[in-house]
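The sequence shown lines up with residues 112 to 322 when you count with the numbering used here.
Written out below as structure tokens is the structure these notes cover.
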Amino acid sequence: MREKKPIIIIGNGGHSKVLTEILQLNQCEIIGFTSPKNEENVYNLSFLGNDSIVYNYSQENILLVNAIGSTQLPVLRKKIFQKFSKAGYKFAQVVHPSAIVSSYSLLGEGAQILAGVVIQPFAEVADNTIVNTAASIDHDCRIGAHCHIAPGAVLSGNVLIGQGSHIGTGSIIIQGIKVGEQVLVGAGSLILKDVNDQAVVYGTPAKEVRK
Ligand SMILES: CC(=O)SCCNC(=O)CCNC(=O)[C@H](O)C(C)(C)COP(=O)(O)OP(=O)(O)OC[C@H]1O[C@@H](n2cnc3c(N)ncnc32)[C@H](O)[C@@H]1OP(=O)(O)O
112 MREKKPIIII GNGGHSKVLT EILQLNQCEI IGFTSPKNEE NVYNLSFLGN DSIVYNYSQE
172 NILLVNAIGS TQLPVLRKKI FQKFSKAGYK FAQVVHPSAI VSSYSLLGEG AQILAGVVIQ
232 PFAEVADNTI VNTAASIDHD CRIGAHCHIA PGAVLSGNVL IGQGSHIGTG SIIIQGIKVG
292 EQVLVGAGSL ILKDVNDQAV VYGTPAKEVR K
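Below, the structure is given as structure tokens:
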């Protein structure tokens, strides 16, 4: 998927490395990256300045890529997306060529679908959500905005995930489960029951450990 406008990447960490390769595979033009300080970029992309440098570019002429990663609740990613969306900037979708994304599924603005992901028909992935390496999202799932479905997570059919939630690496969620908003699911969890908003759960089967 080739974006027509040149792209500014926000962030220069591990997630940025992964997204940059996808942008290159998709032959996107990359202006450079922002970061709090001038540090090496493994692809030799240009350092543009801190995030405020984005305001030097017209909203009409560029797209942003939110390359802030997360290992727990994706709070900073959400802030970045909301700040620049409010200022009229648009975020590019980033979809790895190896991802299998049903043409009957829906991806929101700035959705990031990484290598080996499968998204089945009538699933929805809302704005600014990451579906990380080899995760699988089955039919009719609805994943809210600003979520992170970490590598290898498996969502069976009709699973609902509220906004701002993190589904840990390798977790399994059985069909029809509702996970609330800003929920943190630990790595390797097996989710057999609905999960309340803001809960932290993990284990097999998963239990709520704290709010
Ligand atoms: C490309 C990428 O890298 S994307 C990154 C994806 N990463 C993830 O999805 C990681 C998700 N994070 C986790 O699973 C974390 O372990 C969390 C958030 C659930 C818990 O983190 P913390 O609050 O720091 O817990 P901490 O490490 O102190 O562990 C507390 C206890 O819970 C246990 N525990 C922690 N996580 C889990 C888990 N996922 N499953 C079972 N037990 C767990 C620990 O063994 C420890 O037990 P102990 O007290 O008996 O020793």
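Cβ coordinates follow ideal geometry from the N, Cα and C atoms, glycine included.
As the structure is a computational prediction, the values presented were derived from the model and not from experiment.
Here the distance from the Cβ of Ser196 to the nearest heavy atom of ligand 1 is not below 8 angstroms.
Non-local C-beta neighbours of Asp238 in its own chain, meaning closer than 6 angstroms and more than five positions away in sequence, comprise Gly219, Glu220, Gly221 and Ala256, ordered along the chain.
Ser146 and Ile272 have their alpha carbons spaced roughly 30 angstroms apart. The Cβ atoms of Asn177 and Ile191 lie closer than 9 angstroms to each other. Taking C-beta atoms as the reference points, Ile173 and Ile142 count as a pair closer than 9 angstroms.
DSSP assignment within the stretch 138-176 yields the following whole beta strand (DSSP E) runs of 3 residues or more, N-terminal first: 141-145 and 158-160. Contact between the stretch 115-130 and the stretch 150-158 is present: three or more C-beta pairs spanning the two stretches fall below 8 angstroms. Nearest in C-alpha terms to Asn243, of all of Gly227, Phe144 and Asp305, is Gly227.
Contact between the stretch 253-270 and the stretch 200-208 is not established, with fewer than three Cβ pairs separated by less than 8 angstroms.
Residues of the same chain with a CB within less than 7 angstroms of the CB of Leu301, apart from the 5 flanking positions on each side, are Ile283, Thr315, Pro316 and Ala317 in chain order.
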